[in-house]
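Peer 1: Chains as they are written, first to last, in my numbering: chain H, 75 to 187; chain D, -5 to 110.
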């Protein structure tokens, strides 16, 4: 089946530090890949996406590259701000079957001033 | 208009009450979704409407009843809920009604439901 794996546990880091959140996936065919962000008390917002191998999605200083050879879509940001504190979900939309979005478990990111 | 609007934002209901959650989008999206989200967990899919027809029901208890009156509106009718149904209920929409989604879903801000 289709699944997304995110690294365990919250991520706590200082302002201006480098952020990496790992995401790997299992899927048949050629899924689209997404990162969603959820700020406290809000719904999910699409942060960035990639639809084919080697595509790089980017938005608000965040980047992720669709790596088919390692089935990964790691999220990175070079210099985080306190306002980046949120929960980040990796997700895939499968190319085979119906339109069920598969989510990872999410990572809480806390940025300390 | 690039938003999904959900009402109410907060709802407290007793176990014998009947209430409804509402969701609206005017982006011309052809698929609409209901998700349930517990604290610190990813959203769990409940229902999918594709071209105004129910296409997926993830074995949701019958005390949750979805309705899609037209392509812009989605309701979730609630009856005889249990305290464990307390959660954030999210509505979402997407451009296409089937197959791979290349654009991403648009989510509403959710309804925070508490069952007492």
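Glycine residues also receive a C-beta, built at the ideal position from the N, C-alpha and C atoms. Predicted model only: the values in this text are computed from it and were never measured.
Determine the direct distance from the alpha carbon of residue 69(D) to that of residue 110(H), and round the result to whole angstroms.
Peer 2: The sequence position of residue 110(H) within the first chain is 36, counting from 1. The sequence position of residue 69(D) within the second chain is 75, counting from 1. Cα to Cα, residue 110(H) sits roughly 24 Å from residue 69(D).
Peer 1: Closer than 9 Å, Cβ to any Cβ of chain D: which residues of the stretch 123 to 134 of chain H, in chain order?
Peer 2: For the stretch 123 to 134 of chain H, which is checked against every Cβ of chain D, the residues closer than 9 Å are 123, 125.
Peer 1: Can you give me the Cβ contacts of residue 188(H) inside the same chain, cut-off strictly under 7 Å, excluding the 5 residues immediately before and after it?
Peer 2: Because chain H spans 75 through 187 in this model, residue 188(H) falls outside it and cannot be assessed.
Peer 1: Taking DSSP's pairing of strands, which residues face residue 164(H) in a bridge?
Peer 2: Here residue 164(H) corresponds to residue number 90 of the first chain, with the count starting at 1. In DSSP, residue 164(H) forms a bridge with 109(H).
Peer 1: According to DSSP, is residue 169(H) helix, strand or coil?
Peer 2: The residue labelled residue 169(H) in the question sits at position 95 within the first chain. In this structure, residue 169(H) counts as coil in the three-state DSSP scheme.
Peer 1: Can you grab the Cα-Cα spacing for the pair residue 146(H) / residue 34(D), in whole Å?
Peer 2: Mapped onto the first chain, residue 146(H) falls at position 72. Mapped onto the second chain, residue 34(D) falls at position 40. So the alpha carbons of these two residues sit roughly 23 Å apart.
Peer 1: Could you compute how far the alpha carbon of residue 57(D) sits from the alpha carbon of residue 101(D)?
Peer 2: The residue you call residue 57(D) lines up with position 63 of the second chain. The residue you call residue 101(D) lines up with position 107 of the second chain. If you take the alpha carbons of residue 57(D) and residue 101(D), they lie about 23 Å apart.
Peer 1: Mind listing which residues of the stretch 70 to 100 of chain D have their C-beta closer than 9 Å to chain H's C-betas, in chain order?
Peer 2: Result list: 82, 84, 85, 86, 88, 90, 91, 92, 93, 94, 95, 96, 97, 98, 99, 100.
Peer 1: Is there a C-beta anywhere in chain D that falls below 8 Å from the one on residue 180(H)?
Peer 2: Taking the first chain and counting its residues from 1, the one referred to as residue 180(H) is at position 106. So yes, residue 180(H) belongs to the interface.
Peer 1: Just by C-beta distance, which residues in the stretch 32 to 63 of chain D are closer than 8 Å to chain H?
Peer 2: Against chain H - using a Cβ distance shorter than 8 Å - the residues of the stretch 32 to 63 of chain D are 34, 35, 36, 37, 39, 42, 44, 49, 50.
Peer 1: Residues in the same chain with beta-carbon distance under 6 Å from residue 46(D), minus the five sequence neighbours each way, listed in chain order, please.
Peer 2: Working through the second chain from its first residue, we reach residue 46(D) at position 52. Contacts found: 62, 65.
Peer 1: By DSSP's criteria, residue 85(D) is part of a beta bridge. Which residues make up the other side?
Peer 2: Within the second chain, residue 85(D) is the residue found at index 91, counting from 1. Paired residues: 28(D).
Peer 1: How about residue 140(H) and residue 160(H): do their beta carbons lie closer than 8 Å?
Peer 2: For the purposes of this step, residue 140(H) is taken as residue 66 along the first chain, with counting starting at 1. For the purposes of this step, residue 160(H) is taken as residue 86 along the first chain, with counting starting at 1. It is not a contact, given that the beta carbons lie outside the stated cut-off.
Peer 1: Let me know the secondary structure DSSP gives residue 2(D) once reduced to three states.
Peer 2: Numbered from 1 along the second chain, position 8 holds the residue referred to as residue 2(D). Coil at residue 2(D), not helix or strand.
Peer 1: Using DSSP with H/G/I as helix, E/B as strand and the rest coil, what is residue 184(H)?
Peer 2: Mapped onto the first chain, residue 184(H) falls at position 110. Note: residue 184(H) maps to strand in three-state DSSP.
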